[in-house]
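Numbering (the numbering used here), first residue to last: 1 to 247.
Where a beta carbon is used, it is the ideal one built from N, C-alpha and C, also for glycine.
Quick caveat, the model's predicted, so the values are computed rather than measured.
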Amino acid sequence: MNKSMLYPGLAIMLVAGLVAGSFFGGADPVSALDQDSPVHSISVQGTASITTVPTVAYLTMGVETFHKDASVAQSENASKMDAVYKSLAAIGISKTTIKTVSYTINPRYDYKNETSTLIGYDVSNMVEVTVSDMAKVSKAIDVTVKQGVNKSNSIQFGITDAEREALYTQALEKAVKNAETKARALAKAAGVAIGKPSQIIENSNSTVPPIYGLGYERAAVQDLSVSTPVSGGELKVEASINVMYNY
Numbered sequence: 001m002n003k004s005m006l007y008p009g010l011a012i013m014l015v016a017g018l019v020a021g022s023f024f025g026g027a028d029p030v031s032a033l034d035q036d037s038p039v040h041s042i043s044v045q046g047t048a049s050i051t052t053v054p055t056v057a058y059l060t061m062g063v064e065t066f067h068k069d070a071s072v073a074q075s076e077n078a079s080k081m082d083a084v085y086k087s088l089a090a091i092g093i094s095k096t097t098i099k100t101v102s103y104t105i106n107p108r109y110d111y112k113n114e115t116s117t118l119i120g121y122d123v124s125n126m127v128e129v130t131v132s133d134m135a136k137v138s139k140a141i142d143v144t145v146k147q148g149v150n151k152s153n154s155i156q157f158g159i160t161d162a163e164r165e166a167l168y169t170q171a172l173e174k175a176v177k178n179a180e181t182k183a184r185a186l187a188k189a190a191g192v193a194i195g196k197p198s199q200i201i202e203n204s205n206s207t208v209p210p211i212y213g214l215g216y217e218r219a220a221v222q223d224l225s226v227s228t229p230v231s232g233g234e235l236k237v238e239a240s241i242n243v244m245y246n247y
């Protein structure tokens, strides 16, 4: 038998076998199982808040002086502000907790008959005082007004950064539980079962809206022998998250 005639026949048989295999055995038997099933999910928002009382107060106060001579107005202002600093130190409020927020020297004019005449200068020195002992807030107002404070913008109440972060962590934990309660209620109503969260997104930060008190002026203090009443009220630390559960 001519061997050269056998090889073409063998090649034809191999090709035929491959073609047949493509029809009967070539399809991947697990390809259909590998296709991802549609993912169904329940998305909810979880919220929570923690109520607390202020532990720190920020007093914005200042002294304004006037004199026809700018240097005299400055000198008088400096003298009064020094007395203010000393009065705060006397009740345990350190100078390191006081920062200057503005210092201005403005000319004052007298306007008559459509003409302006320079009559002197206003010097204003405004500071922010951080009072970490709430029991000293009223006292701080009283002693500084006695020493010449005649300008005030506001009293702002808040909490320390460490306190804010600790309370915010608690609020986040409560928000997660709040979200889970909502999701399980929805799943039960829909007749499905959910597992652990597949995604959690934080929506909020630990910023606490401050509480502002009324400004105070020396003219408004009728009796300096009576302590100024101050109340910080309450603050809320809030957290909000979005949570997704698959089923």
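Whole-number beta carbon distance between residue j and residue i, since they are thought to touch under 8 Å
i	j	result
G158	L235	7 Å
S124	E64	5 Å
I265	T228	As shown, the chain starts at 1 and ends at 247. That puts residue 265 outside it, with no answer to give.
Identified DSSP bridge partners for residue i
i	result
A239	A48
I105	V123
K112	T115
Endpoints, alpha helix (DSSP H) assigned at residue i
i	result
Y168	D161 to A190
E76	A70 to A90
Residue i in three-state terms, based on DSSP
i	result
S231	coil
A57	strand
S43	strand
D133	coil
S138	helix
K151	strand
M1	Unreliable positioning characterises M1 in this predicted model, as indicated by a pLDDT of 49, which lies under 50. A coordinate reading is not provided.
K99	strand
Y247	coil
Beta strand (DSSP E) segment containing residue i, residue limits
i	result
I200	P197 to E202
Assigned exposure category for residue i - 16 Cβ within 10 Å defines buried
i	result
L88	buried
T117	exposed
I241	buried
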